[in-house]
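Student: In full-length UniProt numbering, the protein residues as written are 1 to 59.
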């Protein structure tokens, strides 16, 4: 979602504008996309532990 929220370093003028965009993006998510994200959670959490809570560039 972050990539969709901030294409080309987009800046939102208000919290309401940001919330509206989040709603649009959330509604556009496909079931398969959500399923893939859920299935990737265990490996993402493992990466967090290995990286000692640092940033994860692959995600």
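Beta carbons: idealized from backbone N, C-alpha and C, even for Gly.
Only a predicted model underlies this, so the values are computations on that prediction, with no experimental measurement involved.
Out of 49, 51 and 3, state which residue places its alpha-carbon closest to the alpha-carbon of residue 21.
Tutor: Ranking 49, 51 and 3 by Cα distance to residue 21 puts 3 first.
Student: Would you give the residue range spanned by the alpha helix (DSSP H) that residue 50 belongs to?
Tutor: Here the alpha helix (DSSP H) through residue 50 covers 31 to 50.
Student: So, with DSSP's three-state summary, where would you put residue 3?
Tutor: Reduced to three states, the DSSP call for residue 3 is helix.
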